[in-house]
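Numbering (my numbering), first residue to last: 6 to 544. Note that CB positions come from ideal geometry on N, CA and C, so glycine has one too. To start, the structure itself, in structure tokens.
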């Protein structure tokens, strides 16, 4: 084993040789043997070996192995020195091997050593990105669990810091190809990290790129298999995948495949879903995801069938009013519990998909079913108004810090939920039902409107066009009703009893809309329409 003096002497021989350094193979071999010495000799060898490495390609394997021995030394200072110098060995065909070694060294628990490994990997990344990725993915696919875990985390945190000249289109395509291999067998956490990696790639931020990612997620979710609601892993995988897909959807990248699967397989089994996550309201979680996806659903093959499933599930959370006894009081039955969060999700999803089949409520349901639905809506609206009043009263005058308490945060969200339901119920009570209003789901951040656009109304949840002001009295100013006179009243004598059933129908509709209008501060458009129909029948 060479001494410190011998190491310095041979180092001097190589340093002085300049252009003929490759002729002094024996001197370099002495330096390689320094790894067998004591601590001082090893520290010198860790510095000298990489310095002259490129001049002795025939000793490349021996040199890399010697440096690797130093990277695994018991003395932490020797390990750190050896790791710091490793990038100097990353030349030509040796680079993937060096990347592989550095990836294995990510398992270090010493923070300073771990940071050196990270910096070394980033250093060789800038020399040859594909070669470095080859070493990383090799360990992800075949390495130990701790190495695999840390290699994935390295990619998820460091790739986004690399400049564009390093992350070329070719490099991003390589990442996508290798990631697909890994995704054939991943845990839920690993899948989330890989989606973070892939969605951050510039080439996948286009419409076609996002579509690729959605297809990748759909494949991972295995939407072709039979859904098993009693299998926690099956449910968890579907939710994990759907959460990753939701941010990718847009007006150009549709959620149709996921929405269809939720309507056909998940909604009918909503009550029997199981989850490994303690304390999670799995049913509400599913309904929230469905609501978010419904905005971006494209053309659906079985639209009417799936809308029917969604409608039936909505009815389960829209109770009928309790029966009244002869004295007008409840006949011993408890008031149904109104589940506002569930109804917001289901009503929103129904409202979104209903736009694609606007005559569903009027043409696809029989009269009894529609009447039943409107009774439920009306009853829910009554409870809704009581709750809205209570919430507004509780939050009245509170601003700034007062609204940041946990209790008031809950009340603010509850008010958003009830306001959303309020707007959607109004739409469905139009004749025919309307699907024009837009709301922001209560758990989503409100999109700020362009400052140049004037607000259409004081109701921030509605997107109805602004009403033109008129010189006449305001619609809210109640006026005393005057019986018809003139040309309308002069025709009363020629009234035909054949029209009685039609008039009875429109009168019933008028009373229902007027009653709901009173409860919901309705704009009375429906009332005006029905009055016109009645007057036409009279004439």
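Inset, instruction - Could you give the DSSP three-state label for residue 436: helix, strand or coil? - result: coil
Inset, instruction - Check residue 360 in the structure and name its three-state DSSP category. - result: Here DSSP, grouped into helix, strand and coil, assigns residue 360 to coil.
Legend entry - Boundaries (first-last residue) of the alpha helix (DSSP H) holding residue 101: 100 to 109
Legend entry - Alpha-carbon to alpha-carbon, residue 212 and residue 89: 42 Å
Inset, instruction - Measure the C-alpha to C-alpha separation of residue 465 and residue 381 and round it to an integer number of angstroms. - result: In this prediction, residue 465 has a pLDDT of 38, which is less than 50 and means its spatial position is unreliable; what the coordinates show is noted afterwards. Cα to Cα, residue 465 sits roughly 26 Å from residue 381.
Legend entry - Nearest to residue 171 (by Cα), restricted to the options 206, 145, 28: 206
Legend entry - alpha helix (DSSP H) segment containing residue 13, residue limits: 9 to 22
Inset, instruction - Using three-state DSSP, classify residue 76 as helix, strand or coil. - result: helix
Inset, instruction - Could you tell me the distance, in whole angstroms, from the CA atom of residue 343 to the CA atom of residue 112? - result: So the two alpha carbons sit approximately 53 Å from each other.
Inset, instruction - Name the residue from 256, 278, 259, 267 whose alpha carbon lies nearest to the alpha carbon of residue 240. - result: With distances taken between CA atoms, residue 240 lies nearest to 278 out of 256, 278, 259, 267.
Legend entry - For residue 135, the nearest candidate out of 397, 160, 285, 150 (CA to CA): Nearest option by C-alpha distance: 160.
Inset, instruction - Tell me the start and end of each unbroken alpha helix (DSSP H) in the stretch 147 to 233 that is at least 4 residues and wholly inside, in chain order. - result: 150 to 163, 174 to 187, 193 to 204, 212 to 226
Inset, instruction - Could you check which residue in 152, 42, 146, 125 has the C-alpha nearest to that of residue 184? - result: Relative to the Cα of residue 184, the nearest Cα in the group 152, 42, 146, 125 belongs to 146.
Inset, instruction - Counting only the same chain and skipping the five closest in sequence on each side, list residues whose C-beta sits under 8 Å from that of residue 193. - result: 241, 242, 245
Inset, instruction - Tell me whether the beta-carbon of residue 249 lies closer than 8 Å to the beta-carbon of residue 188. - result: Pairing residue 249 with residue 188 gives a Cβ-Cβ distance that is not under 8 Å.
Inset, instruction - Please name the residue, chosen from 36, 434, 173, 95, that lies closest to residue 140 on a Cα-to-Cα basis. - result: 95
Inset, instruction - Pick helix, strand or coil for residue 446, following the three-state DSSP scheme. - result: Under the three-state reduction of DSSP, residue 446 is assigned to coil, being neither helix nor strand.
Legend entry - C-alpha distance - residue 209 paired with residue 218, whole-angstrom precision: Spanning the alpha carbons of residue 209 and residue 218 requires a straight line of approximately 8 Å.
Legend entry - Reduced DSSP category for residue 95 - H, G, I as helix; E, B as strand; rest coil: Assignment of residue 95 by DSSP, reduced to helix, strand and coil, places it in the coil class.
Inset, instruction - Using beta-carbon positions only, say whether residue 132 and residue 100 come within less than 8 Å of one another. - result: yes
Legend entry - Burial state of residue 25 (16 or more Cβ within 10 Å): The residue in question, residue 25, is exposed, as its Cβ has fewer than 16 Cβ neighbours within 10 Å.
Inset, instruction - From the DSSP output, in three-state form, read off residue 371 for me. - result: coil
Legend entry - Nearest-angstrom Cα separation, counted from residue 395 out to residue 416: 10 Å
Legend entry - Residue interval of the alpha helix (DSSP H) (run including residue 55): It spans 44 to 56 - the alpha helix (DSSP H) in which residue 55 sits, taken as one unbroken run.
Inset, instruction - Can you tell me which of the three DSSP states residue 258 falls into? - result: In this structure, DSSP gives residue 258 a state outside helix and strand, which the three-state scheme calls coil.
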